[in-house]
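Inspection log for the structure reproduced underneath, given as structure tokens.
In my numbering, the protein residues as written are 565 to 942.
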């Protein structure tokens, strides 16, 4: 779109252009606009503060004349076809605090003298970065996002201040070693799908979203790990042992702890969390009878407790309560109950189950002939 471009109209009327009171161009926002190359005339925009040209088809490296843009505050060139490395001058531009080169063909290493605290947001996700990250004990940006690259080494020990809105995303890389405690000061910590090891910190964490799935984290889950802020906790696919943590003080919505080595009974408090929408604790060594009082689970949408050693009539209890339940996997346990009663109760409460797996338990009875009442059940 190029409405009013190269016309006699005021620059303010050109599509995507904003100016200051003196007519100087201070913002250029031309996202998804079929642009195929940079123009060297950009170097003449000495007052420009914002450039956002994401979603175009600009093949080639980041031009060297960007160095002359001393006033630039935000530079977003994501989802283009940029190649080459991040020019060294971009790390030290005096006013640049927001950089986004995600979804490009950017390669090479992050400069080892890179200072995190010069940026509020540094994003180069879905690219081809290699090497290690600088490891300095300094204040981090509000957002550090380098996921889906080929980065290696230890996670950088940076000091994330406790603040709502800051987050770190380093998932799908090749990092190893422990997760620094300071990461759990962030609102969102996504370091899943790496080769991280060590144990979870026994501290009160501030995070709302934690994704550490598919690593090699071992040891137990500290009782205070899921703090009062916790909304989404994903720890599946690790080597965690011990018992389930105490979640009674949390307002957790999504709980994924499958594919570990947790053992023992499930604390009753887990089933008293009214906010709980998804619980996935399959493929562990958990046992015992599940909740006596399941009334708080009335709005839960998905339960996966398969491949454990659970006993009792848990299925019968939830079949008369969980009217919002869409997915139920309880295979390979020692659960008891009468199958037709389960389906009758689910039907009576208006359940819209679309997945149910009860294989390899101690259930009796038969599947009702009118199971077609569950129109969503495949």
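Even glycine gets a Cβ: it sits at the ideal position worked out from N, Cα and C.
Check, Outcome
"Same chain only: Cβ atoms within 8 Å of residue 694, ignoring 5 sequence neighbours per side", "671, 672, 673, 713, 714, 715 and 716"
"Short Cβ contact (7 Å threshold) for residue 583 with residue 576", "yes"
"Those residues which DSSP pairs with residue 773 across a bridge", "752 and 796"
"Coarse secondary structure for residue 675, derived from DSSP in three states", "coil"
"N-terminal and C-terminal residue of the alpha helix (DSSP H) that residue 907 is part of", "903–912"
"Same chain, Cβ closer than 6 Å to residue 829, neighbours up to 5 away in sequence not counted", "852"
"Distance between residue 633 and residue 561 (C-alpha atoms, nearest Å)", "Only positions 565 to 942 of the chain appear in this structure, which leaves residue 561 out of reach."
"Where residue 615 falls: helix, strand or coil (DSSP)", "strand"
"Simplified DSSP state of residue 873, which is helix, strand or coil", "strand"
"Straight-line Cα distance separating residue 616 from residue 759", "34 Å"
"Separation of residue 849 from residue 871, as counted between CA atoms", "8 Å"
"Own chain residues within Cβ distance below 7 Å of residue 831, not counting five before or after", "808 and 810"
"Cutoff 7 Å; reference residue 858; Cβ partners in own chain excluding five residues on either side", "835, 881, 882 and 885"
"Cβ distance (whole Å) where residue 646 is taken to contact residue 665 below 8 Å", "6 Å"
"Alpha helix (DSSP H) segment containing residue 609, residue limits", "Run containing residue 609: none; DSSP gives neither H nor E here."
"heavy atom of the ligand ATP below 6 Å from residue 760 C-beta", "Ligands displayed in this structure: none; no statement on the ligand ATP is therefore possible."
"Status (buried if at least 16 other CB within 10 Å, exposed otherwise) for residue 729", "exposed"
"Local Cβ density within 10 Å of residue 925, reported as buried at 16 or more and exposed below that", "buried"
"Alpha carbon of residue 701 to alpha carbon of residue 787, nearest angstrom", "Confidence in residue 701 is poor, its pLDDT being 46 and thus under 50, which makes the residue's placement unreliable; the coordinate value appears in the next sentence. Going by the C-alpha atoms only, they are around 28 Å apart."
"Limits of the unbroken alpha helix (DSSP H) element including residue 882", "878–882"
"Beta-carbon spacing of residue 783, residue 763 below 7 Å", "yes"
"For residue 759: DSSP bridge partner residues", "740"
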